[in-house]
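**Q**
Protein chains in written order, with my numbering: chain A, 456 to 665; chain B, 84 to 586.
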C-alpha cells in the first residue's frame with residue numbers, strides 16, 4: 456500500500472468514526488418534508504402566486520419552510536414549517552388577505568402536526584437493488600479480473616463502495632446537510648464513482664503469477 | 084460534396100434541436116399547442132396524493148373509556164387506601180403509572196402494526212412509490228402516493244377491512260373470529276361442464292384449528308352436511324304433516340304393527356345416528372357479512388366457494404377479484420385498531436418548474452463551457468463533435484419523452500451522468516484521433532476503453548430498470564436509453580463528422 460493511500464484511508468476512517476459518533480448521539484438532520492413539522496392550510500379560492508406566499512412565509516416564519524399549492528385547481532395553499540405559532544399563523548393569513556380576498560380567517564385556520572418519516576423508511580427501498588447490483592458486479596469482477604487475484608478483487612469491490620458510502624453519510628451527519636429527496640441520488644453518484652475507482656484500481660493491480 | 088454532407092447533418096441536428104427544445108406548435112381551438120410530448124415528472128417534482136389516516140372515533144372512545152376506567156378504579160383504590168397506611172398508596176400510584184406506561188406502549192405498538200399492515204397492502208397492490216409516516220402520539224398515519232389511475236384504489240385499501248368469521252346460524256354468535264385466521268389463498272378450477280369455480284382457502288392458526296375441531300363436534304359447517312340436515316328437517320316437517328292427517332286411519336292398520344315390531348331393532352341404530360346429526364347445529368362461514376359455502380375442511384384449512392359461473396366472464400372476473408381482495412387483506416396483516424380517512428389531498432410539489440428550469444440552465448451553461456473548451460483545444464474536430472453533442476442531447480430528450488420514462492430526481496441525476504459519460508467518450512475519441520491517425524482504430528479503442536469501464540454502471544442500470552420503485556426505475560430507464568444512445572449515436576453521427584473532416 457502506498458503512503459498516499461494510507462493517509463487517505465486514515466482520513467476516511469477518522470471521518471467515519473466521527474460520523475458514527477455523531478449519528479449515534481445527535482443523529483442525522485432531516486429535510487423539512489421528512490421531519491416533525493406543523494402546517495396550515497389556507498383556502499384562497501383563486502389561482503395563487505406561490506412566490507408571493509413564499510415571501511410572506513419567509514418573513515413570518517423564516518426561510519426554513521415549504522409552500523405548496525394543494526388541490527387540483529391550485530386554489531389552496533399549505534405552509535409547512537418546523538413549528539408555527541398562533542402569532543405567526545395570524546400574520547401569514549392577514550398578509551395573504553392583503554393580496555387576495557377570501558373568507559377563511561385566522562380563527563378558522565387550524566395548526567396541524569405532520570409526523571416525521573423515518574430515515575430507514577426513506578432509504579429501505581434502495582437496499583435490495585443495491586445489494587443485487589453489488590453482488591452481480593462482484594461476480595463480474597471476479598470473472599474479469601481473476602488473473603489479478605480473486606481475494607484482492609473481492610476486497611476492492613466490497614470495501615471501496617462501502618467506505619465511500621460511509622464517508623458520504625458521515626459527511627452528511629458532520630456537516631448537518633439534511634437527509635432528504637436528494638440523498639438517494641448522492642448515494643447513487645457515490646456508488647458509481649466508487650465503481651469507477653474499483654475498475655481503475657483493479658486494472659492497475661499486477662497479474663498474479665500462476 | 085464533403086461540405087454539403089457536413090451542412091446537411093448540421094441542419095438535421097438543428098432541426099432536431101428545434102423540435103426537442105422548442106417544440107412543434109400547431110393551432111388547435113384558437114390556441115397554439117405543442118405537439119411534442121412533455122416530460123413525465125415524478126411525484127417529488129410534480130404532484131402527489133397525501134392521505135391522512137386517523138384512529139376511528141369509536142376506537143379512540145374505547146381507548147379513552149379504558150383509560151378512564153383505569154383511572155377511576157385507581158382513584159377509588161386510592162381513597163380507600165388513604166385510610167390505610169401511606170406506603171400502600173405509593174405502591175398503588177406506581178402500579179397505575181406502570182399500567183399507563185404499558186398501555187401507552189401497547190397502543191404505540193398497535194399503531195406500528197397498522198403502519199406495517201398498510202405498507203404490506205401497498206406492496207401487495209404493487210404500489211410503485213409511497214412514503215408512510217406515523218405520529219406516535221395520536222396514531223395519525225400520513226401516506227404520500229404518486230398520482231395515477233391506481234391512486235384511489237390504493238387509498239381505498241389503506242383502511243379496508245375483511246372479517247372472516249364462523250357464526251352460529253340461529254344465534255349469530257361468533258364461534259371463530261378473524262384473529263384465528265392465519266392466511267388466505269385463492270384459486271379456481273374448471274369442471275367438466277365448463278363452469279369456473281373460484282375458491283378461497285383459509286388457513287387457521289393453531290388456536291383456530293383447536294377451535295374449529297371444537298366447533299365441528301357440535302356444528303355442521305360443510306355445505307354437504309348442512310344440506311343433509313336441512314333436507315332431513317324438511318322431511319320431518321313433511322312427515323309430521325302426513326302423520327297428523329293419517330291419525331284417523333291408523334286404527335285399520337294395527338295389524339301391520341306386529342310386522343313392524345320385528346324391524347324396530349334394526350331401525351333404532353339408524354335413528355340414533357340421525358338424531359346425533361339432527362342434534363348438530365348449523366354454523367356459517369361469513370366473510371364481511373356475506374355467507375359462503377364451505378366445500379372442504381382438511382388439516383387447518385377451510386375451503387370456501389366464492390362463486391361459480393359458466394360463461395359470463397364478468398361474473399367470473401368479479402368473483403376472482405373478490406377472492407383476491409380477501410386474500411390480500413388477510414395476508415397483509417390484521418389491523419388491531421380501526422382507522423378512517425381524515426383527509427385526502429392532491430398536493431403540488433414545492434419544487435417549482437421555474438426551479439427545475441434554472442437548474443437545467445446551469446447544467447447547460449457548464450456544458451457549453453466544456454464544449455467551447457473542446458472547440459478551442461481540438462479546433463475543427465472539436466467544433467464538429469460539439470455540434471454532434473447538441474444533436475445527442477436533442478435526440479436523448481425526445482427518447483426520454485416518447486418512451487414514457489418518468490423523470491424523478493434520480494432520473495435527473497442519471498441525465499447528468501449520461502452527459503458526463505458522453506462528454507468523456509467524445510474527449511477520449513478526440514484525443515485518440517489526434518494520437519492514432521486512423522479514425523476507425525481510434526473509435527474502436529474509445530469504445531473499448533469507455534464501455535469496459537462502465538460495465539458495473541450497466542449492471543446497476545439493468546438492475547434498477549427492473550425494480551418496481553418509480554425513483555429507481557426512473558434512474559435505470561434514463562441511464563439505459565442514454566447508454567444505448569451513446570453507443571449508437573457516436574457510431575453514426577460523431578464518427579461520420581470526423582470521417583468527413585478527415586477526407
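Backbone N, C-alpha and C define an ideal beta-carbon position, used for all residues, glycine too.
All figures in this text were calculated on a predicted structure; none of them were measured in a lab.
From the DSSP output, in three-state form, read off residue 376(B) for me.
**A** strand
**Q** Just tell me which of 483(B), 95(B), 506(B) and 578(B) has its CA closest to the CA of residue 521(B).
**A** Comparing Cα positions, the closest option is 578(B).
**Q** Who does residue 270(B) pair with in a DSSP beta bridge?
**A** Bridge partners of residue 270(B): 282(B).
**Q** Got a sec? Which residues, its chain only, sit under 8 Å from residue 255(B) by beta carbon, not counting five neighbours each side?
**A** none
**Q** Do the region 520–528 of chain A and the region 541–556 of chain A touch if we need at least three Cβ pairs shorter than 8 Å?
**A** no
**Q** Going by C-alpha distance, which of 636(A), 501(A), 487(A) and 654(A) is nearest residue 616(A)?
**A** 654(A)
**Q** Of the choices 281(B), 318(B), 278(B) and 251(B), whose alpha-carbon is the least far from that of residue 298(B)?
**A** 251(B)
**Q** Excluding the five sequence neighbours on either side, which residues of its own chain have a C-beta within less than 7 Å of the C-beta of residue 464(A), listed in chain order?
**A** Here the set comprises nothing.
**Q** For residue 126(B), does the count of other Cβ atoms within 10 angstroms reach 16, so buried, or fall short, so exposed?
**A** Per the 10 Å Cβ criterion, buried.
**Q** Does DSSP classify residue 419(B) as helix, strand or coil?
**A** coil
**Q** When DSSP labels each residue in this structure, what does residue 84(B) get in the three-state scheme?
**A** coil
**Q** When you check each C-beta in the region 512–543 of chain A against every C-beta of chain B, which residues fall closer than 8 Å?
**A** 521, 522, 523, 524, 525, 526, 527, 529 and 533
**Q** Spatial neighbours of residue 402(B) within its chain, please: C-beta separation below 6 Å, excluding the five flanking residues on both sides.
**A** Exclusion of the five residues before and after residue 402(B) leaves 281, 389 and 390 as the residues of its chain whose Cβ lies within less than 6 Å of its Cβ.
**Q** Output the distance between the C-alpha atoms of residue 599(B) and residue 249(B), rounded to the nearest integer angstrom.
**A** Since the first residue shown for chain B is 84 and the last is 586, residue 599(B) is missing from the structure and cannot be characterised.
**Q** Kindly indicate which three-state DSSP category residue 519(B) falls into: helix, strand or coil?
**A** coil
**Q** Can you tell me whether residue 505(B) is buried or exposed? The criterion is at least 16 other CB atoms within 10 Å of its CB, across all chains shown.
**A** buried
**Q** Tell me the rounded alpha-carbon separation between residue 462(B) and residue 610(A).
**A** Those two C-alpha atoms are separated by around 44 Å.
**Q** Would you list, in chain order, the members of the region 530–541 of chain B that have their beta-carbon closer than 9 Å to a beta-carbon of chain A?
**A** 535, 536, 537, 538, 539 and 540
**Q** Apply the 10 Å Cβ neighbour rule to residue 443(B) and answer buried if 16 or more other Cβ atoms are within range, or exposed otherwise.
**A** That one is exposed.
**Q** Distance, Cα to Cα, residue 542(A) vs residue 491(B)?
**A** 37 Å
**Q** Please compile the residues from chain A whose C-beta is within a distance smaller than 8 Å of the C-beta of residue 564(B).
**A** Neighbours of residue 564(B) on chain A: none; closest Cβ ~17 Å, over 8 Å.
**Q** Closer than 7 Å between beta carbons: that is the criterion. Which residues of the region 203–234 of chain B meet it against chain A?
**A** 214, 215, 216, 217, 218, 223 and 225
**Q** Taking contact to mean at least 3 C-beta pairs separated by less than 8 Å, is the region 581–601 of chain A in contact with the region 566–574 of chain B?
**A** no
**Q** Using beta carbons (cut-off 8 Å, strictly below), is residue 633(A) in contact with chain B?
**A** no
**Q** Are residue 470(A) and residue 622(A) closer than 8 Å when you measure CB to CB?
**A** yes
**Q** Compare the C-alpha of residue 624(A) against each of 510(A), 475(A) and 462(A) and name the closest.
**A** 475(A)
**Q** Does chain A have any CB closer than 8 Å to the CB of residue 201(B)?
**A** When Cβ-Cβ separations below 8 Å define contact, residue 201(B) makes no contact with chain A.
**Q** Residues of chain B with a CB under 8 Å from the CB of residue 611(A): which are they?
**A** The premise fails here: residue 611(A) is roughly 12 Å from chain B at the closest Cβ pair, so nothing lies under 8 Å.
**Q** So which of 523(B), 267(B) and 233(B) has the shortest CA-CA distance to residue 245(B)?
**A** 267(B)
**Q** Please determine, among 602(A), 612(A) and 583(A), the residue with the shortest C-alpha to C-alpha distance to residue 549(B).
**A** 583(A)
**Q** What does DSSP give as the partner residue(s) for residue 489(B) in the beta ladder?
**A** 123(B)
**Q** Taking Cβ positions only, does residue 614(A) come closer than 8 Å to chain B?
**A** no
**Q** So residue 217(B) is in the alpha helix (DSSP H); what residue range does that whole segment cover?
**A** No alpha helix (DSSP H) holds residue 217(B); the beta strand (DSSP E) holding it covers 214–217.
**Q** Please name the residue, chosen from 477(B), 136(B) and 234(B), that lies closest to residue 568(A) on a Cα-to-Cα basis.
**A** 136(B)
**Q** Determine, for residue 580(A), whether the minimum Cβ-Cβ distance to residues of chain B falls below 8 Å.
**A** Yes, residue 580(A) lies at the interface with chain B (some Cβ there is under 8 Å from its Cβ).
**Q** Looking at chain B, which residues of the region 559–580 of chain A have a Cβ within less than 9 Å of any of its Cβ atoms?
**A** 567, 568, 569, 570, 571, 572, 573, 576, 577 and 580
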